[in-house]
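Novice: If you read the sequence shown in this note's numbering, its first letter stands for residue 45, the second for the next number, and so on. Note that CB positions come from ideal geometry on N, CA and C, so glycine has one too. Let me begin by handing over the structure; questions about it come next.
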Amino acid sequence: MSEKENNYIEGKRPVVEALRSGVPMEFVMMADNLRKDGLTEDIRRKARNANVPVKLASRKVMDEMSQVENHQGVIAKAIPYAYAKIQDIVKAAEDHAAEHDGAALIVVLDHITDAGNLGAIVRSAEVVGASGVILPSKRAARVTTATYKTSAGAIAHMPVALVSNIAQTMDNLKKSGFWVAGATEHARDVIWDANLKGKIVLVMGNEGEGLARLTMDSCDFLVKLPQEGKVGSLNVAQAATACMYEFLRQNRPARVRDARA
45 MSEKENNYIE
55 GKRPVVEALR
65 SGVPMEFVMM
75 ADNLRKDGLT
85 EDIRRKARNA
95 NVPVKLASRK
105 VMDEMSQVEN
115 HQGVIAKAIP
125 YAYAKIQDIV
135 KAAEDHAAEH
145 DGAALIVVLD
155 HITDAGNLGA
165 IVRSAEVVGA
175 SGVILPSKRA
185 ARVTTATYKT
195 SAGAIAHMPV
205 ALVSNIAQTM
215 DNLKKSGFWV
225 AGATEHARDV
235 IWDANLKGKI
245 VLVMGNEGEG
255 LARLTMDSCD
265 FLVKLPQEGK
275 VGSLNVAQAA
285 TACMYEFLRQ
295 NRPARVRDAR
305 A
């Protein structure tokens, strides 16, 4: 993708939605002859509240910037997402484990390609208290402005790291004391019967092909969700959420377990 495709948001409603979702922006640009209406006033208000400067420019300048047929006189430039270092995620997991009876979760996505799925997984990961999400640096969805919307803003609170080799990263996480669980419908064991206590790496596969063979071979164990119906398995975002909540259930604090005993 070009820089414009990555960083520019065009049109009144897309810019409003981006501001509402908390997308960090360098500026919002408006045509100097743009008529005021409810949407433009909403953009100005949201930009002001987010400390995003609003600039004026000629239609000619904006037409040259635009990559769409009708930008409606509004273009915003998003600040590129700042990816975390893998070491930062491991450190966050270690700190979490120290405060939560040894439990910590890192989510690895094996070439997830749909940005909507990425955002939904990040949202669930943040809700269950995961320490970070790891993505391959090639042939996979990246954090874009759309991720802020599909994650309901959770991406702003969830470290995401890019790595060049998923299998090698999994091996390094094992050396750091993590157990690696791969989610696949080809597993023999249902996740309810698996031991997800402690420091866990949950690996989710590609939407169409699932886990790659090398990735699967690098897992300590494989799990699947139980299924009673006739329809095929859940999509990766739904499956990831279910798996993450099973991790959370197994690692709930002792005081919660005692209260319900």
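#1: By alpha-carbon positions, which one of H155, Q116, P203 ends up nearest to G173?
#2: Straight-line CA distance for T188 to Q111?
#3: Can you have a look at L258 and say buried or exposed, based on whether 16 or more other CB atoms are within 10 angstroms of its CB?
#4: Between the C-alpha atoms of D261 and V247, what's the straight-line distance to the nearest angstrom?
#5: Is it a yes or a no for the region 120-127 touching the region 264-271, going by three-plus beta-carbon pairs under 8 Å?
#6: Between V234 and P270, what straight-line distance do the alpha-carbon atoms span, to the nearest angstrom?
#7: So if DSSP puts K219 in a beta bridge, which residue, or which two residues, is it bridged to?
#8: Quickly, what does DSSP pair P180 with across the bridge? List them, please.
#9: Report yes or no: do the region 203-216 and the region 150-168 share at least 3 C-beta pairs separated by less than 8 Å?
#10: Per DSSP, what are the beta-bridge partners of G254 in this structure?
#11: How big is the Cα-Cα spacing for M214 and L240?
#12: By a C-beta neighbour count over all protein chains shown, 10 Å radius and 16 as the cutoff for buried, is L255 buried or exposed?
#13: Look at the alpha carbon of A225 and the alpha carbon of L100, and state the distance between them as a whole number of angstroms.
#14: Please report whether the beta-carbon of Q294 lies at a distance below 8 Å from any beta-carbon of chain C.
#15: For E272, which residues of its own chain have a beta-carbon under 7 Å away from its beta-carbon, when the five flanking residues on both sides are left out?
#16: On the DSSP letters alone, give me the boundaries of the beta strand (DSSP E) that L100 sits inside.
#17: Do you know offhand how far G117's Cα is from G252's?
#18: Grab me the residues of H115's own chain with a C-beta within less than 7 Å of its C-beta, minus the 5 sequence neighbours each way, in chain order.
Specialist: So, from the listed chains and residues:
#1: For this step, residue 173 is matched to residue 129 along the sequence shown. G173 has its Cα closest to that of P203, out of H155, Q116, P203.
#2: As a working note, residue 188 is residue 144 in the sequence shown. As a working note, residue 111 is residue 67 in the sequence shown. Using only the alpha carbons, I get a separation of about 16 Å.
#3: On the sequence shown, position 214 is the one that residue 258 refers to. It is exposed - the Cβ of L258 has fewer than 16 other Cβ atoms within 10 Å.
#4: Sequence index remark: in the sequence shown, residue 261 carries index 217 (1-based). Sequence index remark: in the sequence shown, residue 247 carries index 203 (1-based). When rounded, the distance between both Cα atoms is 12 Å.
#5: no
#6: Translated into the one-based positions of the sequence shown, residue 234 becomes position 190. Translated into the one-based positions of the sequence shown, residue 270 becomes position 226. Taking the straight line from one Cα to the other gives about 6 Å.
#7: On the sequence shown, position 175 is the one that residue 219 refers to. The partner list for K219 (beta bridge, DSSP) is empty, contrary to what the question assumes.
#8: As a position in the sequence shown, residue 180 is number 136, starting the count at 1. Paired residue(s): V207.
#9: Under the 8 Å Cβ criterion, the region 203-216 counts as touching the region 150-168, having at least three qualifying pairs.
#10: The residue given as residue 254 occupies position 210 in the sequence shown. Note: G254 sits in a beta bridge opposite N250.
#11: Along the sequence shown, one-based indexing puts residue 214 at 170. Along the sequence shown, one-based indexing puts residue 240 at 196. Each residue's Cα considered, the two are about 16 Å apart.
#12: Numbered from its first residue, the sequence shown carries residue 255 at position 211. Burial call: buried.
#13: Along the sequence shown, one-based indexing puts residue 225 at 181. Along the sequence shown, one-based indexing puts residue 100 at 56. When rounded, the separation of the alpha-carbon atoms in A225 and L100 is 52 Å.
#14: The chain inventory of the structure shown lacks chain C, comprising one protein chain alone.
#15: Counting from one through the sequence shown, the residue named residue 272 turns up at place 228. Around E272: no qualifying Cβ.
#16: For the purposes of this step, residue 100 is identified with residue 56 of the sequence shown, where counting begins at 1. Looking at the DSSP string, the run of the beta strand (DSSP E) that includes L100 is 98-101.
#17: Position 73 of the sequence shown, counting from 1, holds the residue named residue 117. Position 208 of the sequence shown, counting from 1, holds the residue named residue 252. Between G117 and G252, the C-alpha separation is close to 39 Å.
#18: As a first step, residue 115 must be located in the sequence shown, where it is residue number 71. Within the same chain, H115 has close Cβ partners E54, G55, M106.
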